[in-house]
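Residue numbers (the UniProt record's numbering): 1 to 266.
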C-alpha cells in the first residue's frame, strides 16, 4: 500500500510539474496584455496592382509556363486560373488569351468566361458614363466624364478585351474622349500619356513621341514615360536614343527594365 501511495504521489507531482511548464509556455507564447492596453483593428491588406512589377521575369515566366503546361493536372491549372481573378485583367489577359485554344474544356471555358466577364464589366461602365454625357453638366463634370470614358475605352484596348472592328472603335473612342477632356484641362499629363499610348498602338510613332513628351512637360512622371520613348526610338532604329532613355531610369530602387538597360550599356 505504501508503495502504491508513493507511486500515486510521484505521478501527481509529475503532472503538476508538467502543468506548470505548460502554463509557462503558454504565458511565453501568448503574453497577457497590460491592463488598459488597446487592441487596434487592422484592415485586411488590399491587392496593389503596381506591385506586379516587382515580380522578376523568371517568376512571371514560371507562372505562365505552369498555366500553359498542358501536361499538368487540369484541376491544378483550374485552381491557378481561379486565383488569377484577383489580378488586374491587364496583367492576366495575355495568359487568358493564350488559354482560349487549350484542349482542356474546363481551362478553356474558364479563361473565356473570365475575359468575357471583364469585357462586360468595362462595357457596362461605359454605358453608364455615356448616359451621363447626355445630361446638363458643368465643364469640370464633363471633363471628368470624358476622362473616365477615355480610360475605360483604353482598358478595352490594353487588355485586349475586344477584337476587330470593336477594337478599332475603342481606339477611336478613347482618343476622341481624351481630346474632349483636354479641351477643359489641356495640361492633364495623364491624358497626354494616354493619347500617346493610343497613337503608338496604331503605329503613329511621330504623334506618339510628341504626345508622350507633352505628358512630361505637363508634369507626368518622366520615369513612367521613358520606356515608351525607348520603344519608339527602337522602332525608329535610333539606338543612341534608346540608350539615353534607359540611362535615365532610376538606379534605386531598381526599375523593372534595369536588366534591359544593363544590356544596352554593355
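Glycine included, C-beta positions come from ideal geometry on N, C-alpha and C.
This structure is a prediction, so every number in the text was calculated from the model and none was measured.
- At least 9 angstroms separates the beta-carbon of residue 251 from that of residue 241.
- Taking C-beta separations shorter than 8 angstroms and ignoring five residues to either side along the sequence, the partners of residue 245 in its chain run 226, 227, 229, 230, 233, following chain order.
- For residue 146, the enclosing alpha helix (DSSP H) stretches over residues 139-158.
- When secondary structure is reduced to three states using DSSP, residue 180 falls in the helix class.
- Put simply, the stretch 93-107 touches the stretch 70-85. At least three CB pairs are less than 8 angstroms apart.
- Check the Cα spacing between residue 214 and each of 190, 147, 180: the tightest is with 190.
- Shown here, residue 136 sits in coil according to DSSP, grouped into three states, outside any helix or strand.
- With 16 or more other Cβ atoms inside 10 Å of its own Cβ, residue 147 counts as buried.
- Each residue's CA atom was taken as its position, placing residue 169 and residue 122 some 15 angstroms apart.
- The beta-carbon distance between residue 205 and residue 236, rounded to whole angstroms, is 6 angstroms. This is short enough to meet the 8 angstroms contact definition.
- Residue 174 and residue 83 have their alpha carbons spaced roughly 30 angstroms apart.
- Residues of the same chain with a CB within less than 8 angstroms of the CB of residue 261, apart from the 5 flanking positions on each side, are 246, 247, 249, 255 in chain order.
- A residue is called buried when at least 16 other Cβ atoms come within 10 angstroms of its Cβ; residue 65 does not meet this threshold and is exposed.
- Taking the C-beta atoms as reference points, residue 171 is found no nearer than 9 angstroms to residue 193.
- Between residue 201 and residue 157, the C-beta gap is smaller than 9 angstroms, which places the two residues in contact.
- Restricting attention to 220, 79, 120, 177, the CA atom closest to the CA of residue 188 is found in 220.
- Note that the C-beta distance between residue 129 and residue 115 is not below 9 angstroms.
- Counting only the Cα atoms, residue 216 lies some 9 angstroms from residue 224.
- Residue 111 sits close to residue 99, with the two beta carbons spaced by under 9 angstroms.
- The C-beta separation of residue 107 from residue 159 comes to about 19 angstroms, leaving the pair out of contact by the 8 angstroms criterion.
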